[in-house]
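Structure record follows, encoded as structure tokens.
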Amino acid sequence: MLVDRASAGTTDGIAVMKAPPGAYVEEPARSTPVYGSCDVLVIGGGPAGTAAAVAAGRLGADVMLIERYNHLGGLATGGLVSWIDRMTDWDGNLVVAGIGAELIDRCGPDATLGPDPDLWGSTDPVQAAYWRVRTAALRDTVHWSPTLDPEVLKLVTHDLVRESNVHTIMHCWVVAAITTGTRVEGVIFESKQGRYALTAPVVIDCTGDGDVFAQAGAAFDDDFDSETAHARLNTSFRFGNVDMRRYLDFRMLQQGEYAEVMKRAAEQGIKLLAHPTPYDSIALFLSPKMAGYSALDVADLTAVEFASRDAAREGLEFFRESVPGFERAWILDTASQVGTRHARRLVGRERITIDHWLADGGYADSIGLCPGMTPSFPTLEIPYRSLVPEHLDGLLAAGRNLSADTRAHAALREIPECWAMGEAAGVAAVQSLDDAVDLRAVDIAGLQAQLARQGAIVDRPQDHRKLRDPAGILEAELAGTIHHQRSFE
Ligand SMILES: Cc1cc2nc3c(=O)[nH]c(=O)nc-3n(C[C@H](O)[C@H](O)[C@H](O)COP(=O)(O)OP(=O)(O)OC[C@H]3O[C@@H](n4cnc5c(N)ncnc54)[C@H](O)[C@@H]3O)c2cc1C
Numbered sequence: 232m233l234v235d236r237a238s239a240g241t242t243d244g245i246a247v248m249k250a251p252p253g254a255y256v257e258e259p260a261r262s263t264p265v266y267g268s269c270d271v272l273v274i275g276g277g278p279a280g281t282a283a284a285v286a287a288g289r290l291g292a293d294v295m296l297i298e299r300y301n302h303l304g305g306l307a308t309g310g311l312v313s314w315i316d317r318m319t320d321w322d323g324n325l326v327v328a329g330i331g332a333e334l335i336d337r338c339g340p341d342a343t344l345g346p347d348p349d350l351w352g353s354t355d356p357v358q359a360a361y362w363r364v365r366t367a368a369l370r371d372t373v374h375w376s377p378t379l380d381p382e383v384l385k386l387v388t389h390d391l392v393r394e395s396n397v398h399t400i401m402h403c404w405v406v407a408a409i410t411t412g413t414r415v416e417g418v419i420f421e422s423k424q425g426r427y428a429l430t431a432p433v434v435i436d437c438t439g440d441g442d443v444f445a446q447a448g449a450a451f452d453d454d455f456d457s458e459t460a461h462a463r464l465n466t467s468f469r470f471g472n473v474d475m476r477r478y479l480d481f482r483m484l485q486q487g488e489y490a491e492v493m494k495r496a497a498e499q500g501i502k503l504l505a506h507p508t509p510y511d512s513i514a515l516f517l518s519p520k521m522a523g524y525s526a527l528d529v530a531d532l533t534a535v536e537f538a539s540r541d542a543a544r545e546g547l548e549f550f551r552e553s554v555p556g557f558e559r560a561w562i563l564d565t566a567s568q569v570g571t572r573h574a575r576r577l578v579g580r581e582r583i584t585i586d587h588w589l590a591d592g593g594y595a596d597s598i599g600l601c602p603g604m605t606p607s608f609p610t611l612e613i614p615y616r617s618l619v620p621e622h623l624d625g626l627l628a629a630g631r632n633l634s635a636d637t638r639a640h641a642a643l644r645e646i647p648e649c650w651a652m653g654e655a656a657g658v659a660a661v662q663s664l665d666d667a668v669d670l671r672a673v674d675i676a677g678l679q680a681q682l683a684r685q686g687a688i689v690d691r692p693q694d695h696r697k698l699r700d701p702a703g704i705l706e707a708e709l710a711g712t713i714h715h716q717r718s719f720e
């Protein structure tokens with residue numbers, strides 16, 4: 232479901248103003264009032280940020296969580312990315328747990344679409360076919376990759392931060408980092424109330440886009456692999472008044488007819504895939520994924536907003552006419568957050584690379600796991616050092632702005648891994664304060680033990696320490712994963 236910029240739709244009416252080179256205005260120097268000080272300051276209330284704040288709050292730290300929008304959950308809620316990627320390995324073992332699993336549990340069965348635990352890892356062809364069209368089977372294996380109701384996920388996330396004594400402030404956009412030398416000491420935000428400073432000995436950048444570490448002068452990567460879905464943008468949307476059972480039966484049982492309809496759609500420039508949700512009357516669209524736009528350019532972001540909604544309107548017309556189950560559909564909503572898969576990635580003390588993952592995927596300072604992209608990949612251990620900047624002190628980066636190369640990042644940016652990284656960052660922050668050591672000197676055994684105590688998983692099973700098929704066809708496999716061209720997501 233990929234679309235190139237040239238065919239993404241018109242950008243007429245979008246102001247792309249280019250100032251003459253060297254044109255600046257001088258702003259007067261000013262004193263900025265301090266809004267507050269705390270032990271651990273988390274910027275960004277997405278999966279990583281909420282897990283970081285909850286983890287630190289539960290350990291007794293004074294935590295502030297700052298979010299620019301009107302809800303928590305980030306892309307998982309406001310971006311409508313309510314299909315949570317795999318939390319099980321290819322054998323059906325749970326490899327991501329902790330706060331993320333707790334959030335899913337709290338959503339409850341009515342707000343969750345996914346297979347029962349006894350089916351995780353099943354390769355039974357009937358089960359795999361049933362769950363494949365419900366985005367919970369990949370390569371003929373059933374996985375725990377549930378789809379949630381994003382509004383319920385907002386509610387349970389709000390509950391969890393309140394219960395964890397986190398001071399949450401919404402409607403605040405962080406615009407600058409406060410630094411002394413190489414030490415980050417806080418941030419400055421803009422809001423309806425004005426411009427304020429927040430100070431803390433530990434700041435955790437969970438903006439997804441690395442806003443804070445970029446403002447603080449950290450080195451970052453922003454390269455991407457243009458052939459993959461990695462750097463593609465779109466604003467997701469949902470159709471209501473759909474009969475998803477009918478649609479899913481059509482897709483599963485009349486595959487030839489379904490392929491024919493989708494081919495006709497593609498010929499008309501409609502590159503959409505309808506995902507199921509917990510509710511039979513609602514379809515979710517996480518496409519079309521648009522290439523050639525930057526998540527850090529406001530004109531590009533605006534163009535994506537226009538093009539995505541045009542795609543929803545054109546898609547609705549086609550689906551109503553041609554796709555069983557969509558005859559009486561309407562546009563239920565469009566996401567309040569633009570869908571950014573990638574912007575900036577920290578240059579951290581350890582940069583996770585696809586080569587290391589293929590070769591072994593193990594790290595002594597593991598703080599969480601990521602299931603192998605294909606059965607040939609080992610389960611990856613996510614190193615704590617990939618959250619620690621190479622040169623800055625007082626800051627961690629968790630979530631999709633971690634330190635990784637583009638191909639490893641394609642899997643590490645998924646919601647389960649962002650929850651896991653956030654939880655680890657929150658625990659590490661408290662440990663560094665309790666032990667009065669720098670973030671880079673945190674006791675790794677202590678960090679791992681605390682994460683395990685609170686239900687997170689940091690160790691992979693013994694037999695996941697090596698490739699299952701060292702002579703396998705890894706490149707070809709990789710090209711077919713969900714994170715690349717033939718993608719659901
Ligand atoms: C279209 C699309 C489909 C996807 N599909 C899947 C999928 O099926 N399964 C899956 O698991 N993952 C999927 N992903 C990936 C996943 O949604 C994200 O990578 C994940 O949500 C990242 O979590 P995060 O906490 O790092 O960042 P985000 O979810 O982006 O959260 C960052 C938060 O920080 C806030 N913020 C940002 N900058 C500032 C600032 N300067 N000041 C204050 N607040 C700020 C934002 O408002 C946001 O709430 C998809 C992504 C996209 C875009």
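If you number the sequence shown the way the working numbering does, the last residue is 720 and the count never jumps. All residues carry an ideal CB built from backbone N, CA and C; glycine is no exception.
Within 10 angstroms of its Cβ, does residue i collect 16 or more other Cβ (buried), or is it exposed?
i: Q726; result: Because the chain is modelled from 232 through 720, residue 726 falls outside the range shown and cannot be assessed.
i: K494; result: exposed
i: R684; result: exposed
i: P340; result: exposed
i: R289; result: buried
i: N472; result: exposed
i: I713; result: Caution applies to I713, whose pLDDT of 49 falls short of 50 and renders its modelled position unreliable; the value that the coordinates give is listed next. Buried is the call here.
i: H302; result: buried
i: S718; result: Residue confidence for S718 is low, a pLDDT of 37 falling below 50, so the modelled location carries little weight; the figure read from the coordinates is stated next. Result: buried.
i: S567; result: exposed
i: Q679; result: buried
i: P259; result: exposed
i: Q662; result: buried
i: R476; result: exposed
i: P701; result: In this predicted model, P701 has a pLDDT of only 49, less than 50, meaning its place in the structure is not dependable; the value taken from the coordinates is given anyway. Exposed, because fewer than 16 other Cβ atoms sit within 10 Å of the Cβ of P701.
i: K423; result: exposed
i: T411; result: exposed
i: E298; result: buried
i: V285; result: buried
i: L429; result: buried
i: R469; result: buried
Enumerate in chain order the residues of its own chain whose CB-to-CB distance from residue i is below 6 Å, with the five nearest sequence positions on each side excluded.
i: L611; result: W588, G592, C601
i: R337; result: V387
i: L334; result: V387
i: Y594; result: E612, P614
i: A505; result: A514
i: A329; result: As written in the sequence, residue 329 is Gly, which differs from the Ala given in the question. If we look at G329 and ignore the five residues flanking it on each side, its Cβ neighbours are E654, G686, A687.
Assuming the contact rule is C-beta atoms closer than 8 Å, residue i and residue j should be a hit. Round their C-beta distance to whole Å, please.
i: P251; j: Y427; result: The Cβ separation is near 33 Å, so there is no contact.
i: A367; j: P346; result: 5 Å
i: A279; j: C649; result: 4 Å
i: G304; j: K385; result: 5 Å
i: A639; j: T605; result: About 14 Å; that fails the 8 Å criterion.
i: V397; j: A660; result: Not confirmed; about 13 Å, so no contact.
i: A542; j: R551; result: Rounded, the Cβ-Cβ distance is 15 Å, inconsistent with contact.
i: L623; j: V405; result: Not really, about 16 Å apart at Cβ, beyond 8 Å.
i: I419; j: I409; result: 7 Å
i: V554; j: V492; result: 6 Å
For the alpha helix (DSSP H) holding residue i, just list the boundary residues, first then last.
i: W588; result: 585 to 590
i: M652; result: 646 to 665
i: V673; result: Counting along the chain, V673 falls outside any alpha helix (DSSP H), and DSSP gives it neither H nor E.
i: P278; result: 278 to 289
i: T637; result: 637 to 643
i: A481; result: Before going on, a small fix: residue 481 reads as Phe here, not Ala. Element bounds for F481: 475 to 484.
i: I335; result: 329 to 338
i: S553; result: 529 to 553
i: D442; result: 442 to 446
How far does the beta strand (DSSP E) with residue i in it reach, from first residue to last?
i: I562; result: 561 to 565
i: F470; result: 468 to 471
i: G267; result: 265 to 268
i: I419; result: 414 to 422
i: L626; result: 626 to 628
i: F516; result: 514 to 516
Just to confirm my understanding: we take residue i, look at its own chain, exclude 5 residues before and 5 after, and list those with CB closer than 7 Å. What are they?
i: D480; result: none
Ordered along the chain, which non-local residues of its own chain (more than five positions away) have a Cβ less than 8 Å from that of residue i?
i: A635; result: R576, R582, I583, T584, S617, L643
i: G579; result: R616, S617, L618, V619, P620, E621, A628, L633, S634
i: A359; result: S353, A368, D371, T372, V373
i: L670; result: V433, V619, D624, G625, L626, L627, A659, A660, S663
Counting only runs of 4+ residues fully inside the segment 359 to 398, write out the alpha helix (DSSP H) ranges in chain order.
-> 381 to 394
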